[in-house]
Amino acid sequence: MEISEAERKYAQAALVVFQRYGVRKSTMEEIAAEAGVSKPTLYATFRNKDAVLGGAIRLAKGTAIRSVAQAWSDADTLAEKLDIFFERLVLAGFDMLHQSPDTAAFETALGEYSQDSIAATRRAEVAAIARLFEGAQGLAEIGTSAEDYAGFVVASAMNAKRLVQTRAELEAYLAILKASVVKLLDA
Numbered sequence: 021m022e023i024s025e026a027e028r029k030y031a032q033a034a035l036v037v038f039q040r041y042g043v044r045k046s047t048m049e050e051i052a053a054e055a056g057v058s059k060p061t062l063y064a065t066f067r068n069k070d071a072v073l074g075g076a077i078r079l080a081k082g083t084a085i086r087s088v089a090q091a092w093s094d095a096d097t098l099a100e101k102l103d104i105f106f107e108r109l110v111l112a113g114f115d116m117l118h119q120s121p122d123t124a125a126f127e128t129a130l131g132e133y134s135q136d137s138i139a140a141t142r143r144a145e146v147a148a149i150a151r152l153f154e155g156a157q158g159l160a161e162i163g164t165s166a167e168d169y170a171g172f173v174v175a176s177a178m179n180a181k182r183l184v185q186t187r188a189e190l191e192a193y194l195a196i197l198k199a200s201v202v203k204l205l206d207a
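Residue numbers (the working numbering): 21 to 207.
Listed below in structure tokens is the structure:
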């Protein structure tokens, strides 16, 4: 999920504009102005607003995933590592969805580029969690791989983020999910 310096600059500007106006109401002109470049310069990097949204998704989610991986180096237990993942990717995403206009586009995508970015970031999230689960005895007992179980955990957490009404409800759900994972894998 590496992006070029120009993509990073324009995606950062897009995040600011999307936060201010929402994804649907934002224009390429506003994003270019925020980035301090002309519209043709922006279009040379991102062919349309969906491509800019894809870049913004890759930037925001990539930054969050790297921050999770870095924080894991200071965590000792699986429970602590799951708490970090849930706080920085699931709960922070829930907060974002409820604080800004039209941020659901970061979760549901508008077009091909943003859908591809969401899929790529989801694969990165699953890969990160799968590394935590590798070699766990409990996986053999239920006949699944670290990657498949990680996919289940990530999908469960991310779907809960979209379905619950309150942060407290999501925190309760994630506590149950974490307890289930720890019970199975740390046994």
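For every residue, glycine included, the Cβ atom is placed at its ideal position computed from N, Cα and C.
DSSP state of D70 mapped onto helix, strand, coil: helix
Identity of the residue in A144, G42 and V43 nearest V88 by Cα: A144
Inter-residue Cα distance where the pair is Y193 and T61: 45 Å
Within 8 Å, strictly: CB atoms of D206 and L102: no
Candidates I138, V174 and G155: closest to F105 by CA position: V174
8 Å contact criterion, which P117 and L190 should meet: CB distance rounded: As written in the sequence, residue 117 is Leu, which differs from the Pro given in the question. About 11 Å; that fails the 8 Å criterion.
Local conformation of S24 per DSSP, three classes: coil
Endpoints, the alpha helix (DSSP H) within which E107 is located: Neither: E107 is in no alpha helix (DSSP H) and is coded neither H nor E.
Beta carbon of S137 nearer than 8 Å to that of G74: yes
Straight-line gap, G155 to E49 (C-alpha atoms, nearest Å): 50 Å
Neighbour-count burial assignment, S134, 16 or more Cβ in a 10 Å radius: buried
Unbroken alpha helix (DSSP H) run spanning D94, endpoints: That residue, D94, is in no alpha helix (DSSP H); it is neither H nor E in DSSP.
As assigned by DSSP and simplified to three states, the class of R44: coil
Alpha helix (DSSP H) segment containing A147, residue limits: E132 to F153
Cα-Cα separation, T65 to A95: 39 Å
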